[in-house]
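Engineer: Heads up, the sequence shown is in this note's numbering, so the first residue is 22 and it goes up one at a time. Cβ coordinates follow ideal geometry from the N, Cα and C atoms, glycine included.
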Amino acid sequence: MDRIIFGDNQFFGVNHMSEEKARAQSMRFRDTRAIMNVLDIAYSVGIRTFMCTTHDSIAEICNHIRANPKRYADFKFYPGMPYAHKYANAVTESGMIGALKRFVPGSIIGTVLKGGKAVATRDFIAMMKILIDTEMKMFAGLNTEVIFLQNVMTDLLLGLNLKEIFVAFSDHVKKKYRAEPGFFTMNLPRLLTLLEDCGIENPIICSSINKIGFRMCGGRELYEKVIRENEFRPIAMSVLASGAISPEEALEYICNKKQIRSIVFGASTRAHIEQTKELIEKYS
């Protein structure tokens, strides 16, 4: 994996500290050309990997990359799926179980809650493969060396302890797409334990990691211990804690954790992209 990965939150109105800023960004990037202009800046300074959702706008980005193979010969996508936004909204509106009932046939969730996991797991796996294959169509012919399970789905399955689903996701991604499986989560310590129990070795896990413990379930000290003592490939996101930490302080902290393989960040100006890249290289 590349050390520096470019993210897409800024393009789709995701800002965990400021709704006003999120709305402004969402308005700015309604036009896919505006997104592509920023990606071109990142590409021009040497960033080659784009971590993204499967938002409709990303399909247009994929079309542009496909149409210009020489220009973007070494451009890589790290897609996360299923698309998180609709699932996150469902959890907010209906809670974890309500969200499951909305997107999963009632017979399946009912079976899980009653303890009949064998039948339910088989149906979950079939549904998961359909979702992955549907959302991967936009990336046909493009480099997707790591495919991620989005954190809303990861953490729903983690809460239900459905280990077989994680194994099936990993196997499907490897066999059908010749890619490595990755996992977004808001609970790094617990997920790592589960993946180890599943026999998924040296997993790729993307989670919030920052100096103030922002969005780190269990706290910063627990994360530091897990990262220090276990063999896996951590990707740090939310490193600036949505602007609560200065870039210099934030990236010095992250880069001093030598076990962290990659850092993902989002920015919308050349100055911020260049500054972040330079700081990562300075402290790495």
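What's the gap between the Cα of P224 and the Cα of H85?
Structural biologist: As a working note, residue 224 is residue 203 in the sequence shown. As a working note, residue 85 is residue 64 in the sequence shown. Computed Cα separation, rounded: 31 Å.
Engineer: Does DSSP put E302 in a helix, a strand or coil?
Structural biologist: Taking the sequence shown and counting its residues from 1, the one referred to as residue 302 is at position 281. E302: helix per DSSP, three-state reduction.
Engineer: Whole angstroms are fine: how far does the CA of I284 sit from the CA of I26?
Structural biologist: Within the sequence shown, numbered from 1, the residue matching residue 26 stands at position 5. Within the sequence shown, numbered from 1, the residue matching residue 284 stands at position 263. Going by the C-alpha atoms only, they are around 6 Å apart.
Engineer: Helix, strand or coil for V66 per DSSP?
Structural biologist: In the sequence shown, residue 66 corresponds to position 45, counting from 1. The answer is coil: DSSP assigns V66 none of H, G, I, E or B.
Engineer: Can you list, in chain order, the residues of its chain with a C-beta nearer than 8 Å to that of L179? Leave out the 5 residues immediately preceding and following it.
Structural biologist: Numbered from its first residue, the sequence shown carries residue 179 at position 158. Cβ within range, chain order: T206, N208, R211, L212, L215.
Engineer: As a quick exercise: from G28, R254, K158, I226, pick the residue whose alpha carbon is nearest that of I68.
Structural biologist: Within the sequence shown, residue 68 is the residue found at index 47, counting from 1. Nearest of G28, R254, K158, I226 to I68, Cα basis: G28.
Engineer: Restricting to Cα atoms, I'd like to know which of E201, F190, E295 is closest to R254.
Structural biologist: Walking along the sequence shown from the start, residue 254 turns up at place 233. Among E201, F190, E295, the Cα nearest to that of R254 is on E201.
Engineer: Please confirm whether Y274 and K246 have their CB atoms less than 7 Å apart.
Structural biologist: In the sequence shown, counting from the first residue as 1, residue 274 sits at position 253. In the sequence shown, counting from the first residue as 1, residue 246 sits at position 225. Their beta carbons are not under 7 Å apart, which means Y274 does not touch K246 by this criterion.
Engineer: Could you check where the alpha helix (DSSP H) with T206 kicks off and where it finishes?
Structural biologist: Residue numbering aside, residue 206 sits at position 185 when the sequence shown is read from its first letter. Where T206 is concerned, there is no enclosing alpha helix (DSSP H), although the beta strand (DSSP E) it sits in stretches over 201 to 206.
Engineer: For the alpha helix (DSSP H) holding P308, just list the boundary residues, first then last.
Structural biologist: Lying outside 22 to 305, the shown extent of the chain, residue 308 is not represented and no answer is given.
Engineer: Quick check: the Cα distance between I53 and F33, rounded to an integer number of angstroms?
Structural biologist: Taking the sequence shown and counting its residues from 1, the one referred to as residue 53 is at position 32. Taking the sequence shown and counting its residues from 1, the one referred to as residue 33 is at position 12. Checking the displayed sequence, the identity of residue 53 turns out to be Thr instead of Ile. Distance between the alpha carbons of T53 and F33: 11 Å.
Engineer: Tell me which same chain residues have a C-beta within less than 8 Å of the C-beta of L152, skipping the five on either side of it?
Structural biologist: For the purposes of this step, residue 152 is taken as the residue at position 131 of the sequence shown. Contacts found: M102, P103.
Engineer: Could you give the residue range of the alpha helix (DSSP H) that holds V173?
Structural biologist: As a position in the sequence shown, residue 173 is number 152, starting the count at 1. Looking at the DSSP string, the run of the alpha helix (DSSP H) that includes V173 is 172 to 181.
Engineer: What residue range is occupied by the uninterrupted beta strand (DSSP E) comprising K97?
Structural biologist: Within the sequence shown, numbered from 1, the residue matching residue 97 stands at position 76. 97 to 102 is the extent of the beta strand (DSSP E) around K97.
Engineer: Could you tell me if K195 is buried or exposed, where buried requires 16 or more neighbouring beta carbons within 10 angstroms of its beta carbon?
Structural biologist: Locating residue 195 in the sequence shown gives position 174, counting from the first residue. Exposed: under 16 other Cβ atoms inside 10 Å.
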